[in-house]
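Q:
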Amino acid sequence: MKFGIPLARAHPGLWPQLTKRAEELGFESVWLPEHLVLPTAMSGSPHHGDTHPPIPPQTPVFDALNYLSFLAAQTSTIRLGTYVYNIGLRHPFVSARAAATLDIVSGGRFDFGVGASWLREEWDAAGLDFATRGARVDEALEVCRALWSQPSVEHHGRFFDFDEVMFEPKPVQPAGPPLHIGGDGKAALRRVARYGDGWLPMNHTLDRIPESVRTLTQLWSAHGRSGKPQITTSVPLSSPDDVQRAADAGIDRLITSPWQRTREALDGIAAFADQYIEKSAAAG
Numbered sequence: 001m002k003f004g005i006p007l008a009r010a011h012p013g014l015w016p017q018l019t020k021r022a023e024e025l026g027f028e029s030v031w032l033p034e035h036l037v038l039p040t041a042m043s044g045s046p047h048h049g050d051t052h053p054p055i056p057p058q059t060p061v062f063d064a065l066n067y068l069s070f071l072a073a074q075t076s077t078i079r080l081g082t083y084v085y086n087i088g089l090r091h092p093f094v095s096a097r098a099a100a101t102l103d104i105v106s107g108g109r110f111d112f113g114v115g116a117s118w119l120r121e122e123w124d125a126a127g128l129d130f131a132t133r134g135a136r137v138d139e140a141l142e143v144c145r146a147l148w149s150q151p152s153v154e155h156h157g158r159f160f161d162f163d164e165v166m167f168e169p170k171p172v173q174p175a176g177p178p179l180h181i182g183g184d185g186k187a188a189l190r191r192v193a194r195y196g197d198g199w200l201p202m203n204h205t206l207d208r209i210p211e212s213v214r215t216l217t218q219l220w221s222a223h224g225r226s227g228k229p230q231i232t233t234s235v236p237l238s239s240p241d242d243v244q245r246a247a248d249a250g251i252d253r254l255i256t257s258p259w260q261r262t263r264e265a266l267d268g269i270a271a272f273a274d275q276y277i278e279k280s281a282a283a284g
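The sequence shown begins at 1 in full-length UniProt numbering and counts up by one.
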């Protein structure tokens with residue numbers, strides 16, 4: 001099992017130290033969420049059953065790929081991910097360039113988690129149609145993949161239209177950074193099978209994961225994909241048995257924040273590593 005930590009659960013002032021300490025302790029990755037802008041009036045939620053947005057509009061938000069590049073310069077092995085980046089809000093030229101830059105400066109350590117977004121008012125503020133966000137995300141992913149892998153690209157689609165362009169330098173990772181698709185419905189699973197390397201379930205309990213993994217496996221095969229998608233999510237952990245149950249359900253990476261307050265974060269990840277990471281490494 002791989003273990004990552006969600007940096008946003010701690011104060012931004014601790015992010016560099018927390019990332020460097022996580023690398024020392026054997027955590028595999030750190031992850032940042034992302035929004036382009038937070039409107040004052042927000043509705044909806046990414047969490048099932050919640051009627052209110054999970055964050056207030058005055059929440060500090062950083063450009064995730066920019067900040068992860070800053071962290072890349074201070075680390076050498078830990079992977080750097082977005083959980084998740086609202087790729088549909090940008091032209092794919094912007095997303096592809098920022099992602100390629102981060103992948104290059106990190107030496108191929110970027111995991112690109114992307115989602116279709118839940119915040120309608122953010123799309124309204126950007127002047128984009130929230131109702132077509134899924135199709136726009138799909139087309140943006142198609143363009144990014146082409147820019148990262150092909151010598152030249154011409155595209156004439158529903159949302160993006162351009163004559164032949166060239167895009168250099170290419171990312172370090174072949175065909176670009178791994179794409180981890182966030183979402184819970186059939187549309188998200190189809191997006192994983194068509195464009196992604198992994199799946200980020202956002203609202204799944206552990207008992208629901210196996211059935212969705214079976215569906216994803218069928219879609220993956222139907223698209224002629226080899227190998228298997230990576231499954232990354234967060235579930236409650238109280239013992240190594242919980243980790244085994246997560247692995248049995250098909251999860252490859254667990255995102256965990258073993259602290260309640262920022263001042264507890266460094267001690268929390270050290271205690272977690274002692275219980276879960278170091279013992280599992282020794283057993284292996």
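Beta carbons are placed, not taken as given, at the ideal position from N, Cα and C, and that holds for glycine. Treat the numbers as computed from the prediction; the structure is a model and nothing was measured.
1. By the DSSP assignment, the beta strand (DSSP E) with Val114 in it spans what residues?
2. If you reduce the DSSP assignment to three classes, tell me which class Ile5 lands in.
3. Could you please give the first and the last residue of the uninterrupted alpha helix (DSSP H) stretch that includes Gln218?
4. Skipping 5 residues on each side, what residues in its chain have a beta carbon closer than 6 Å to that of Met166?
5. Using the rule of at least 16 other Cβ atoms within 10 Å of the residue's Cβ for burial, across every protein chain shown, is Ala283 buried or exposed?
6. For Gln74, is the classification buried or exposed, using 16 other Cβ atoms within 10 angstroms of its Cβ as the cut-off for buried?
7. Does the region 242 to 257 touch the region 2 to 13, meaning 3 or more C-beta pairs lie closer than 8 Å?
8. On the three-state DSSP scale, how would you describe Asp161?
9. For Val30, write down the residues that DSSP places opposite it in a beta bridge.
10. The beta strand (DSSP E) with Ile255 in it runs from where to where?
11. Is it the case that the region 137 to 144 contacts the region 78 to 89, given that we only count it when at least three CB pairs across the two stretches are under 8 Å?
A: Taking the coordinates as given:
1. Residue numbering aside, residue 114 sits at position 114 when the sequence shown is read from its first letter. 110 to 114 is the span of the beta strand (DSSP E), which, as asked, contains Val114.
2. Within the sequence shown, the letter at position 5 stands for residue 5. Strand, per DSSP.
3. For the purposes of this step, residue 218 is taken as the residue at position 218 of the sequence shown. Looking at the DSSP string, the run of the alpha helix (DSSP H) that includes Gln218 is 209 to 222.
4. Counted from its first residue, the sequence shown places residue 166 at position 166. Taken in chain order, the residues that qualify are Ser152.
5. Along the sequence shown, read from residue 1 onward, the residue named residue 283 stands at position 283. With a pLDDT of only 40 at Ala283, under the threshold of 50, the placement of this residue in the model should not be trusted; the figure read from the coordinates follows. With fewer than 16 other Cβ atoms within 10 Å, it is exposed.
6. Translated into the one-based positions of the sequence shown, residue 74 becomes position 74. That one is exposed.
7. yes
8. Residue mapping note: residue 161 aligns to position 161 of the sequence shown, counting from 1. If DSSP states are grouped into helix, strand and coil, Asp161 belongs with the strands.
9. Position 30 of the sequence shown, counting from 1, holds the residue named residue 30. Beta-bridge pairing links Val30 to Ile5, Leu80.
10. One-based indexing of the sequence shown puts residue 255 at position 255. Its beta strand (DSSP E) spans residues 253 to 255.
11. yes
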